[in-house]
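Trainee:
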Amino acid sequence: MRDKYFPQIKIVVLTNATNLHKPEIFSALKKIEMPILKIDTMIQEDYEFLNRPHQNVKIKDIADAIIKNFKNPIIQTMFVKANTPERNFDNTTQESLKKYFEILRKIEPSLVMVYTISRATPMQGLEKCEPECLDKIAKQIETLGYETLVSY
Numbered sequence: 002m003r004d005k006y007f008p009q010i011k012i013v014v015l016t017n018a019t020n021l022h023k024p025e026i027f028s029a030l031k032k033i034e035m036p037i038l039k040i041d042t043m044i045q046e047d048y049e050f051l052n053r054p055h056q057n058v059k060i061k062d063i064a065d066a067i068i069k070n071f072k073n074p075i076i077q078t079m080f081v082k083a084n085t086p087e088r089n090f091d092n093t094t095q096e097s098l099k100k101y102f103e104i105l106r107k108i109e110p111s112l113v114m115v116y117t118i119s120r121a122t123p124m125q126g127l128e129k130c131e132p133e134c135l136d137k138i139a140k141q142i143e144t145l146g147y148e149t150l151v152s153y
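Read in this note's numbering, the sequence shown has 115 at position 114, and its numbers run on one by one without any break.
Next up, the structure:
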C-alpha cells in the first residue's frame, strides 16, 4: 500500500533491539528503510535497571548483533539520571560515556539521536538531563565523526 500511494515515504521502526537474534525479527527489520536501534548504556547493571528486560538479555549481545547485521544504523540513546530507593543511576558519567563511545566506534552509526525524558515516567526518581548536558554529549559524539540529532 505504501509503495502504491506514498513511495517516497520511508518506513521507520524504533526498537530496543532485544530480539535481533530471532530470524523473523531480524528479517523484518532488514526490510525497513530506517530501523532505529536503542542503546542507552553499555553497562549491564545499568541496562537492567533502566530497561527492565523480561528475559536474560545482555547489552553486549545486542550491540554485537547490531555490529554484525547493520551497516551504519541509526542509534537512539536516552540520557537520564535516577535517584531511587533501589539505586542511583546516571548514564552521563565518565565511565558510562567511555563505554558508550567505544561501542559507537564499533557500530559506526549514520546518526545518533540524543534525547532525555520529556514527561513523567512510571519510574519514580527519574530525572531528565539538562540541555547543556545533552549538547556536551552530542559534541563528543560529533568529534568521533558521527552526526547527531538532539531532542530536549
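For every residue, glycine included, the Cβ atom is placed at its ideal position computed from N, Cα and C. This one's a predicted model, so the numbers in the text were calculated from it and none came from an experiment.
CB-CB under 6 Å to I12, same chain, minus the five flanking residues each way: which ones, in chain order?
Mentor: Reading the sequence shown from its first residue, position 11 is the one you call residue 12. I33, E34, listed in sequence order.
Trainee: Spatial neighbours of V1 within its chain, please: CB distance less than 7 Å, with the 5 preceding and 5 following residues excluded, ordered by chain position.
Mentor: The question about residue 1 has no answer here: the residues shown for the chain are numbered 2 through 153.
Trainee: Locate the beta strand (DSSP E) running through S149, then write down its first and last residues.
Mentor: The residue given as residue 149 occupies position 148 in the sequence shown. A small correction: the amino acid at residue 149 is Thr; Ser does not occupy that position in the sequence shown. It spans 149-152 - the beta strand (DSSP E) in which T149 sits, taken as one unbroken run.
Trainee: Quick one, are the C-beta atoms of V113 and T144 less than 8 Å apart?
Mentor: For this step, residue 113 is matched to residue 112 along the sequence shown. For this step, residue 144 is matched to residue 143 along the sequence shown. In this structure, T144 does not lie closer than 8 Å to V113 by Cβ.
Trainee: Sort K61, I10, P36 by Cα distance to E46 and report the nearest one.
Mentor: By one-based count along the sequence shown, residue 46 stands at place 45. When each option's Cα is compared against that of E46, the closest is K61.
Trainee: Does the segment 117-124 touch the segment 63-76, meaning 3 or more C-beta pairs lie closer than 8 Å?
Mentor: Counting Cβ pairs under 8 Å, fewer than three are found: no touch.
Trainee: Helix, strand or coil: which one does DSSP assign to I37?
Mentor: On the sequence shown, position 36 is the one that residue 37 refers to. In this structure, I37 counts as strand in the three-state DSSP scheme.
Trainee: Going along the chain, which residues of its own chain have a beta-carbon closer than 8 Å to the beta-carbon of R88, five neighbours each way excluded?
Mentor: Within the sequence shown, numbered from 1, the residue matching residue 88 stands at position 87. If we look at R88 and ignore the five residues flanking it on each side, its Cβ neighbours are F50.
Trainee: Starting from E128, follow the beta strand (DSSP E) in both directions and report where the run begins and ends.
Mentor: As a working mapping, residue 128 is identified with position 127 in the sequence shown. E128 -> beta strand (DSSP E) spans 127-129.
Trainee: Which one or two residues does DSSP pair with N84 in a beta bridge?
Mentor: Counting from one through the sequence shown, the residue named residue 84 turns up at place 83. DSSP lists N89 as partners of N84.
Trainee: Using three-state DSSP, classify Q77 as helix, strand or coil.
Mentor: Translated into positions along the sequence shown, residue 77 becomes position 76. Residue state, collapsed to three classes: strand.
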